[in-house]
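Visitor:
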Amino acid sequence: MNLDKHGNTRNIRRFKKTLLALAIPFAASTGHAAIFVVNSDVDSAAGCTLREAVQTANANMNLDNGCGVGSAAGVDTIEFSVSSVKLANGELTITDDVYINPSANDVTIDAANTSRIFNIVDAKVTLSHLTLTGGDGSDGGLPKDYDDGGAIYVNRGNLILQNTVLYGNTAVYGSGGAIAARADLLTINDSQIHNNTAVSGGGISDRSDHLIISDSQVTSNTATMYDAGGIFVGSDTATITGATISGNSAKTSGGGLSLSGTSASISNSSVSNNYLAGISDDGSFFGGRGGGLEVSSSSLSIVRSQISLNTATGSGGGIYTIASDVSVQDSSISSNRAQALGEVSTAIGGGGIYITMRSSSFASANSQITLHGSTIANNVSGHDGGGILNAPQAGNGETIIDILNSTISNNSAANLGGGVHQINESEIISYGSTLSENTSVFGAGGISANGSDSFVSLSNTIVAGNRSEFSSSEIRLDGGSIFTLEVGHNVLGRAKFTTAESFSGVPITGDNIFATSDGNNPQILNQIISPLSNNGGPTRTHALPIGSIAIDNGDAFICDLYFSGADQRGPNNRQDSHCDIGSVEYFIEDDACFVVPTANAKLVTFCL
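Numbered per mature numbering (1 follows the signal peptide of the UniProt record, and there is no 0), the sequence shown spans residues -33 to -1, 1 to 575.
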């Protein structure tokens, strides 16, 4: 039986065949058997209190408490004629299906830091237009997880949150400052989860079968000792859409999110300004992993999202991934930092992304990141790999980076590899991409690679305008016993430096344009590409200026095979049968300019 790092059994979960039915709000699919109206704002008084309404709904009978008669015929509804309720007698345990506050009138439930608010046991529950605050998970719940879930603990069943706010809740000795769930399905729509605190999973700790978060904000939550400042995702599947995950902090990993053993997707979302502090112990400082996200033994798809301004005082300022398969499409990973602050940290690197394999990795033989139509820019590493650090432990599996129609620009490393650094059993494949204006102190500003079994393949790629203070400006390859470099149809270097100053260990072969001062086609940088800017599409790119040597000099086979007329800006941007080098096809911004094909298959530009 496999255990994850939180000690949870992973093989007892099963995929629910009724997922589609569960995803539909159950209260809308059945008639309301009974309606209870809470008319007391305290926990024990004349009339109908919230506690009495919940007890009556659980019992499905008349408890003679002023709330009416419950029924087993359908889903009971609890409404309010008051705007707030203060709990004083412990958590509210829900054991039968109920819909709480379906109206648009907002109601605040405050536990005054005396107990958790809701403990849901094998029931289907919808909470709507509520504010839950002052919950303390240290006083209730099941024996195994008695400290989890500051405001809500779910043990089996379903929970839907709709237009609900959870703030100021705490799990001082457990996980999930606002919510801890082991549900069949946890759904969070149009809700806010902010300023909650737990040992791990500052906002949410989820180990359900399925998690859905849409159009919600998870902000300013704190994991005081361990991982997942905002959200811990240990569910079988997770779908996050239109979310803002910002300003959260953790100690060990995942300042914004920590994903473990899950299959997840994040789309149209922002993961920003999250912070990973690391741990000090007996004078030593251990840097954390993943200022924005930590991805462990998982598969993750990131689409049209922003991973920005996150900080790890260790590795992976934006994303840290181990034994996982991560796809990043039409997204930006920018202005993240992997840098120790005031102390010497272990394993600093990967300002934007850190990818690794270790001996403890069990879910995958390899770890892989695929960038497609994405930009890695303005990230900073206190050691290696300003944009990306590809660093598996030797003998523990391969790590692979595929860079397709993407841009790596303006990243910096205090040691090796301003754009990308890789070691050991690692692989970089770059097709139709641009690496420019990255900087390092040593080991090449653009791409730096060393160690045995390190493989680099470049095609239709621009590597130009990078800089290193004490090493090769563009690419440095320090191979071990099995080191391979494949290149073809690339623009390499710029006229500011010689070929020897720009490249070390790089075979000088045909089918490449060396734009160095002594190369076969010297060009200064602004003749090759324009500055990084918005040129259309979801991410910033380097456009090709008029007359760039990258125009029409790409390998059409690669373009046809991988991109089908698309470039980083999106589909249908290729103007003819020719293929340009770099992530962006040549285009004319001025409406008064026209591109005309000639009889010899060249292009002529006329500007009026």
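Don't be surprised by glycine CBs; every beta carbon is placed ideally from N, CA and C.
Using 7 angstroms as the threshold, is the C-beta distance between Gly223 and Asn215 below it?
Guide: Yes, the pair counts as a contact, with Cβ atoms nearer than the cut-off.
Visitor: Do you know offhand how far Thr229's Cα is from Ile180's?
Guide: Cα-Cα distance, rounded: 15 angstroms.
Visitor: What are the start and end residues of the beta strand (DSSP E) that includes Thr323?
Guide: Start and end: Ile320 to Thr323.
Visitor: Using the C-alpha atoms, what's the distance from Ala(-1) back to Ile45?
Guide: So the two alpha carbons sit approximately 11 angstroms from each other.
Visitor: In its own chain, which residues sit with a C-beta less than 8 angstroms from the C-beta of Val21, not counting the 5 before and 5 after it?
Guide: Counting only Cβ-Cβ distances below 8 angstroms, and skipping sequence neighbours, we find Ile45, Leu59, Thr60, Ile61 and Val65.
Visitor: Provide the residue span of the alpha helix (DSSP H) that contains Val74, from first to last.
Guide: From DSSP, Val74 is part of no alpha helix (DSSP H) but of the beta strand (DSSP E) over Val74 to Asp77.
Visitor: Report back the beta-carbon spacing between Ser190 and Gly169 to the nearest angstrom; my notes put them in contact at under 8 angstroms.
Guide: At residue 190 the sequence reads Ala, which differs from the Ser that was named. The Cβ separation is near 4 angstroms, so the contact holds.
Visitor: Please classify Val130: does DSSP put it in a helix, a strand, or coil?
Guide: A small fix is needed here, since residue 130 is Asn in this sequence, not Val. Asn130 falls in the coil class under three-state DSSP.
Visitor: Among Gly340, Asn333 and Gly352, which has the Cα closest to the Cα of Ile286?
Guide: Comparing Cα positions, the closest option is Gly352.
Visitor: So is Tyr553 buried or exposed if we call it buried at 16+ other beta carbons inside 10 Å?
Guide: Flag for Tyr553 reads buried.
Visitor: Skipping 5 residues on each side, what residues in its chain have a beta carbon closer than 6 angstroms to that of Thr406?
Guide: For Thr406, where only same-chain residues beyond five positions count, the Cβ hits under 6 angstroms are Ser379, Gly385, Gly412 and Arg434.
Visitor: What does a CB cutoff of less than 6 angstroms around Ile119 pick up in its chain, not counting 5 residues either side in sequence?
Guide: Around Ile119: Phe85 and Ile146.
Visitor: Closest to Ile525 by CA distance: which of Ile207, Tyr398, Pro505 and Asn540 is it?
Guide: With distances taken between Cα atoms, Ile525 lies closest to Tyr398.
Visitor: To the nearest angstrom, how far is the alpha carbon of Gly143 from that of Glu365?
Guide: Those two C-alpha atoms are separated by around 34 angstroms.
Visitor: Please classify Glu392 as buried or exposed, where buried requires at least 16 other C-beta atoms within 10 Å of its C-beta.
Guide: It counts as buried.
Visitor: Under the rule that 16 or more other beta-carbon atoms within 10 Å means buried, what is Ser95, buried or exposed?
Guide: Answer is buried; the Cβ neighbour count reaches 16.
Visitor: So, under 8 angstroms CB-CB, Ile368 and Asn377 are touching, yes? Tell me the CB distance rounded to an integer number of Å.
Guide: Contact flag wrong, Cβ pair sits at about 18 angstroms.
Visitor: By how many angstroms is the C-alpha of Ile315 removed from the C-alpha of Gly472?
Guide: Looking at the two C-alpha atoms, the distance is approximately 26 angstroms.
Visitor: For Ala20, name the three-state secondary structure that DSSP assigns.
Guide: Helix at Ala20.
Visitor: Ignoring anything shorter than 3 residues, give me the beta strand (DSSP E) runs that lie fully in the stretch 121 to 173, in order along the chain.
Guide: As far as the stretch 121 to 173 is concerned, its whole beta strand (DSSP E) runs of at least 3 residues are 132 to 134, 137 to 142, 146 to 149, 152 to 156, 159 to 161, 164 to 167 and 171 to 173.
Visitor: What is the rounded straight-line gap between the Cα of Asn540 and the Cα of Ile555?
Guide: Distance between the alpha carbons of Asn540 and Ile555: 11 angstroms.
Visitor: Tell me which residue opens and which closes the beta strand (DSSP E) that Ile414 is part of.
Guide: Note, Ile414: beta strand (DSSP E), Ile414 to Gly418.
Visitor: Counting only the same chain and skipping the five closest in sequence on each side, list residues whose C-beta sits under 7 angstroms from that of Ile518.
Guide: Excluding residues within five positions, the ones whose Cβ falls inside 7 angstroms are Leu511, Asp547 and Tyr553.
Visitor: Pull up the distance between the alpha-carbon of Val480 and that of Asn457, whole angstroms please.
Guide: According to the sequence provided, residue 480 is Ile. The question's Val does not apply to it. Looking at the two C-alpha atoms, the distance is approximately 6 angstroms.
Visitor: In the DSSP output, what is Lys218 paired with across the bridge?
Guide: Answer is none; Lys218 lacks a bridge partner.
Visitor: Taking 6 angstroms as the limit between beta carbons, can you name the residues of its chain near Val36, skipping five residues before and five after?
Guide: Closer than 6 angstroms at Cβ, skipping near neighbours: Asn29.
Visitor: Short check: CB of Gly446 to CB of Glu404, under 7 angstroms?
Guide: For Gly446 and Glu404, no; Cβs fall outside 7 angstroms.
Visitor: For Thr98, which three-state DSSP category applies?
Guide: Three-state DSSP puts Thr98 in a strand.
Visitor: Could you have a look at residue 580 and say whether DSSP puts it in helix, strand or coil?
Guide: Outside the displayed range of the chain (-33 to 575) lies residue 580, so it cannot be described from this structure.
Visitor: To the nearest angstrom, report how far apart Pro505 and Asp534 are at their CA atoms.
Guide: Looking at the two C-alpha atoms, the distance is approximately 12 angstroms.
Visitor: Run through the stretch 487 to 548 for me and flag every whole alpha helix (DSSP H) of 4 or more residues, listed as ranges in chain order.
Guide: For the stretch 487 to 548, whole alpha helix (DSSP H) runs of length 4 or above, ordered along the chain, are 492 to 495 and 523 to 529.
Visitor: Measuring straight from C-alpha to C-alpha, what distance separates Ser265 and Val293?
Guide: Cα to Cα, the separation comes out at about 8 angstroms.
Visitor: Classify Glu468 as helix, strand or coil using the three-state DSSP reduction.
Guide: The answer is helix: DSSP assigns Glu468 an H, G or I state.
Visitor: Just how far apart, CA to CA, sit Gln335 and Asn156?
Guide: Rounded to whole angstroms, Gln335 to Asn156 spans 31 angstroms at the Cα level.
Visitor: Helix, strand or coil, according to DSSP, for Ala26 in the structure here?
Guide: Residue state, collapsed to three classes: helix.
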